[in-house]
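J.: If you scroll down you'll find the structure; I have some questions about it.
Numbering (this note's numbering), first residue to last: 2 to 171.
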């Protein structure tokens, strides 16, 4: 059964766990949650502090491999907001004690971007790349991504000619 590709914003519910296979390949496991805000008459319901009231919450187990997994383990932690793109995958196994068949769905991450916290200010995360432009774990970095100047607008009148930005225009 083909499962869908997911592209969404999530919050890490704990710190990522980094392990290495016998061949040395990194495997990062972590859990995330995504909230769906409650709506009434087409408007998002907010609490007394002005925060959206959650209607439903989705929890997902995630896994990322290689350099992408290592970057997530280094840059993200419990409570971090992240944009993840990946494919849902069903894992199946037999319970060790009962022999019953078990299964779970997990997100195999192909791209990740840590969203900087608002109170980080200019001094936060000078490492650039992963938190600013995203990282896909590919051999080369995407345009404006890992290893690039995190602020394309700082030294010019806009992004490089022919370049594209993942940022919305507003």
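Yeah, the Cβ is synthetic: ideal placement off N, Cα and C, and Gly gets one too.
What did DSSP end up calling residue 74 once you bin it into helix, strand or coil?
T.: Residue 74: helix per DSSP, three-state reduction.
J.: Which same chain residues end up closer than 8 Å to residue 94 when comparing Cβ atoms and leaving out the 5 residues on each side of it in sequence?
T.: Answer for residue 94: 102, 103, 104, listed in chain order.
J.: CB-CB under 6 Å to residue 78, same chain, minus the five flanking residues each way: which ones, in chain order?
T.: Same-chain partners within the cutoff: 16.
J.: If I measure Cβ to Cβ from residue 40 and keep anything under 8 Å in the same chain, skipping five residues before and after, which residues do I get?
T.: Only 46, 56 meet the Cβ criterion.
J.: Measure the Cβ-Cβ separation of residue 110 and residue 64 and say whether it is below 8 Å.
T.: Yes, these two residues count as a Cβ contact at 8 Å.
J.: I need the boundaries of the beta strand (DSSP E) containing residue 53, first residue and last residue.
T.: Run containing residue 53: none; DSSP gives neither H nor E here.
J.: To the nearest angstrom, how far is it from the Cα of residue 112 to the Cα of residue 42?
T.: Cα to Cα, the separation comes out at about 35 Å.
J.: With DSSP collapsed to three states, give me the class of residue 100.
T.: Coil.
J.: Report all residues from its chain with a CB closer than 6 Å to the CB of residue 10; omit the five preceding and five following residues, and keep chain order.
T.: 84, listed in sequence order.
J.: Would you mind sorting residue 115 into buried or exposed? The rule is 16 or more other CB atoms within 10 Å of its CB.
T.: It counts as buried.
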